[in-house]
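Asker:
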Ligand SMILES: *Cc1c(COP(=O)(O)O)cnc(C)c1O
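Residue numbers (our numbering): 77 to 461.
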């Protein structure tokens with residue numbers, strides 16, 4: 077067998093050759109949209125802190141107060157001694173905001189999906205997943221060992237075909253999808269998915285990491301339309317628009333109680349630091365009381381798209397597809413030279429041939445900055461020379 081180092085070096089060399097190697101770049105954020113990288117200040121369109129709440133004085137103060145009072149760590153998993161009373165407050169507020177009976181907070185969004193799905197379905201069950209779902213839904217699907225069927229992106233026809241053909245062979249079926257697709261910014265057709273789930277005696281789980289705080293008056297994709305769509309399992313993260321850290325599930329009380337007693341990523345992982353929970357509570361209070369703030373990221377995204385004649389965005393995320401990883405990296409470097417941070421997104425995060433720039437808009441981006449960005453994008457990427 078080759079040595080471990082030789083194995084790693086060989087693998088890295090191949091990734092470098094294919095322009096698929098990734099590197100961590102030290103990046104300091106000190107306000108909502110400006111970052112410091114390689115000694116330069118760059119205007120970021122790659123942060124998911126959509127409302128700038130990670131820098132909001134009330135959110136920061138809540139975290140500072142919690143550290144002063146409780147220190148820096150939970151000390152143990154939630155089921156042992158790590159279940160700080162702040163968890164109760166946050167879970168009650170999340171459930172109320174999302175219109176469910178109860179909620180459960182996890183260590184991160186990734187841990188939430190990896191923990192929830194295996195509690196609900198197992199090797200005898202059927203799991204249907206949109207092909208563009210986030211990596212952690214796939215991780216949960218794999219950990220569950222359920223029979224996984226992939227449906228074409230947002231194709232209700234394909235989903236129905238699979239259900240008609242296969243549903244009756246399995247005792248339970250779970251449909252999972254992103255609410256806002258993280259790399260494309262489009263929304264899942266939740267109203268139709270919810271009725272399909274009901275018609276085929278299946279459960280529906282939606283990962284709304286990019287919907288909370290941004291869509292439906294901040295309450296998420298289920299609230300985007302005129303009427304609220306009933307979704308069995310509303311999952312999301314505290315790490316994006318809420319500017320904190322952690323994941324959550326909002327659902328009925330029995331489901332939440334089952335998840336709290338069985339989800340391995342909750343049972344066997346340390347609770348969140350109290351300061352992180354306190355920050356999320358403060359941020360959620362701001363989101364719930366300021367719907368105008370939550371409308372701003374989408375408005376900014378639409379302004380940008382309009383300036384470049386791109387399709388009308390449905391969320392704060394706007395992709396510009398460039399094809400090869402090389403082209404995406406090159407475009408990202410070009411923008412960086414002009415003072416903008418827009419990271420290149422490459423496989424396996426997106427399918428081969430669809431490497432792209434992904435622009436994420438924040439309430440804190442000024443219209444002037446967006447106009448300047450659009451001008452540079454048009455000049456250097458869309459219409460070079
Ligand atoms: C970011 C993201 C997650 C993971 O959430 P974390 O709290 O960062 O672990 C899950 N799902 C989607 C769609 C995401 O974009």
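Where is the CB? At the ideal position from N, CA and C, for every residue including glycine.
#1: Can residue 285 be considered in contact with ligand 1, in the sense that its beta carbon sits closer than 7 Å to one or more heavy atoms?
#2: Using a Cβ-based criterion (distance less than 7 Å to any ligand heavy atom), does residue 126 qualify as near ligand 1?
#3: Under 7 Å from any heavy atom of ligand 1, does the C-beta of residue 230 make it?
#4: Using a Cβ-based criterion (distance less than 7 Å to any ligand heavy atom), does residue 337 qualify as near ligand 3?
#5: Here's a check: name, in chain order, each residue in its chain whose Cβ is nearer than 6 Å to the Cβ of residue 317, leaving out the five neighbours to either side.
#6: Would the beta-carbon of residue 212 be found less than 7 Å away from any heavy atom of ligand 1?
#7: Using only alpha-carbon positions, find the residue among 151, 421 and 278 that is nearest to residue 246.
#8: Out of curiosity, what's the CA-to-CA distance linking residue 326 and residue 86?
#9: Taking 8 Å as the cut-off, does the region 425–432 touch the region 348–358 (at least 3 CB pairs, one atom from each stretch)?
#10: Can you list, in chain order, the stretches of the beta strand (DSSP E) that have 3 or more residues and sit fully within the region 208–275?
#11: For the 8 Å Cβ check, are there 3 or more pairs between the region 186–203 and the region 212–223?
#12: Leaving out five residues before and five after residue 306 in sequence, what residues of the same chain have Cβ atoms less than 7 Å from its Cβ?
#13: Please report the residue range of the beta strand (DSSP E) in which residue 137 lies.
#14: Just to confirm my understanding: we take residue 372, look at its own chain, exclude 5 residues before and 5 after, and list those with CB closer than 6 Å. What are they?
#15: Please classify residue 401: is it buried, with 16 or more other beta-carbons within 10 angstroms of its beta-carbon, or exposed?
#16: Compute every distance between the C-beta of residue 308 and the non-hydrogen atoms of ligand 1, then say whether any falls below 7 Å.
#17: With 16 as the cutoff for other CB atoms within 10 Å, does residue 253 come out buried or exposed?
#18: Flag this pair as yes or no: are the beta carbons of residue 350 and residue 374 separated by less than 8 Å?
#19: Considering only residues of the same chain and omitting the five flanking positions on each side of residue 260, which have a CB-CB separation below 6 Å?
#20: Is residue 245 a contact residue of ligand 1, with contact defined as CB to any heavy atom under 7 Å?
#21: Taking 7 Å as the line, does the beta carbon of residue 440 fall inside it for any heavy atom of ligand 1?
#22: What I want to know is whether the C-beta of residue 159 ends up closer than 7 Å to one or more non-hydrogen atoms of ligand 1.
#23: Count the other CB atoms, across all protein chains shown, that sit within 10 Å of the CB of residue 163; report buried if there are 16 or more and exposed otherwise.
#24: Is it right to say residue 83 is buried, meaning 16 or more other beta carbons lie within 10 angstroms of its own, or is it exposed?
#25: Does the Cβ of residue 382 have 16 or more other Cβ atoms within 10 Å, making it buried, or fewer, making it exposed?
#26: Mark residue 281 as exposed unless 16 or more other C-beta atoms lie within 10 angstroms of its C-beta, in which case mark it buried.
#27: Which term fits residue 137, buried or exposed, when burial requires 16 or more other beta carbons within 10 angstroms of its beta carbon?
#28: Assuming contact is defined by CB atoms lying nearer than 8 Å, are residue 320 and residue 185 in contact in what I supplied?
Answerer: Quick look at the numbers:
#1: For the purposes of this step, residue 285 is taken as residue 209 along the chain shown, with counting starting at 1. True, at least one ligand heavy atom lies under 7 Å from that Cβ.
#2: Mapped onto the chain shown, residue 126 falls at position 50. Every heavy atom of ligand 1 is 7 Å or more from the Cβ of residue 126, so no.
#3: Numbered from 1 along the chain shown, position 154 holds the residue referred to as residue 230. No, ligand 1 has no heavy atom inside 7 Å of this Cβ.
#4: Ligands displayed in this structure: ligand 1; ligand 3 is not among them.
#5: Taking the chain shown and counting its residues from 1, one reaches residue 317 at position 241. Result list for residue 317: 126, 127, 288, 289 and 290, in chain order.
#6: Position 136 of the chain shown, counting from 1, holds the residue named residue 212. At least one heavy atom of ligand 1 is nearer than 7 Å to the Cβ of residue 212, so yes.
#7: Here residue 246 refers to the residue found at position 170 when the chain shown is read from its first residue. Cα-wise, what sits closest to residue 246 is 278.
#8: Residue 326 sits at position 250 when you count from the first residue of the chain shown. Residue 86 sits at position 10 when you count from the first residue of the chain shown. For residue 326 and residue 86, the distance between alpha carbons rounds to 44 Å.
#9: no
#10: 223–227 and 249–254
#11: yes
#12: For the purposes of this step, residue 306 is taken as the residue at position 230 of the chain shown. The residues are 270.
#13: Within the chain shown, residue 137 is the residue found at index 61, counting from 1. Looking at the DSSP string, residue 137 is not in any beta strand (DSSP E); the run it does join, the alpha helix (DSSP H), is 133–146.
#14: Locating residue 372 in the chain shown gives position 296, counting from the first residue. Only 439 meet the Cβ criterion.
#15: Taking the first residue of the chain shown as position 1, residue 401 is located at position 325. Answer is buried; the Cβ neighbour count reaches 16.
#16: Stepping through the chain shown from its first residue, residue 308 is reached at position 232. Checking the Cβ of residue 308 against ligand 1 gives no.
#17: Counted from its first residue, the chain shown places residue 253 at position 177. Looking at its Cβ environment, which holds 16 or more other Cβ atoms inside 10 Å, residue 253 is buried.
#18: Position 274 of the chain shown, counted from the start, is the residue given in the question as residue 350. Position 298 of the chain shown, counted from the start, is the residue given in the question as residue 374. No, Cβ-Cβ distance for residue 350 and residue 374 is not below 8 Å.
#19: As a first step, residue 260 is located in the chain shown; it is residue number 184 there, counting from the start. Result list for residue 260: 395, in chain order.
#20: Indexing the chain shown from 1 puts residue 245 at position 169. Not so, every heavy atom of ligand 1 lies at least 7 Å from the Cβ.
#21: Mapped onto the chain shown, residue 440 falls at position 364. No, the Cβ of residue 440 stays beyond 7 Å of every heavy atom of ligand 1.
#22: Locating residue 159 in the chain shown gives position 83, counting from the first residue. Checking every heavy atom of ligand 1 against the Cβ of residue 159, none is found closer than 7 Å.
#23: Your numbering for residue 163 matches position 87 in the chain shown. Answer is buried; the Cβ neighbour count reaches 16.
#24: Reading the chain shown from its first residue, position 7 is the one you call residue 83. Exposed.
#25: Indexing the chain shown from 1 puts residue 382 at position 306. So residue 382 counts as exposed.
#26: On the chain shown, residue 281 is found 205 positions in, with the first residue counted as 1. Buried is the call here.
#27: In the chain shown, counting from the first residue as 1, residue 137 sits at position 61. Burial call: exposed.
#28: Locating residue 320 in the chain shown gives position 244, counting from the first residue. Locating residue 185 in the chain shown gives position 109, counting from the first residue. For residue 320 and residue 185, no; Cβs fall outside 8 Å.
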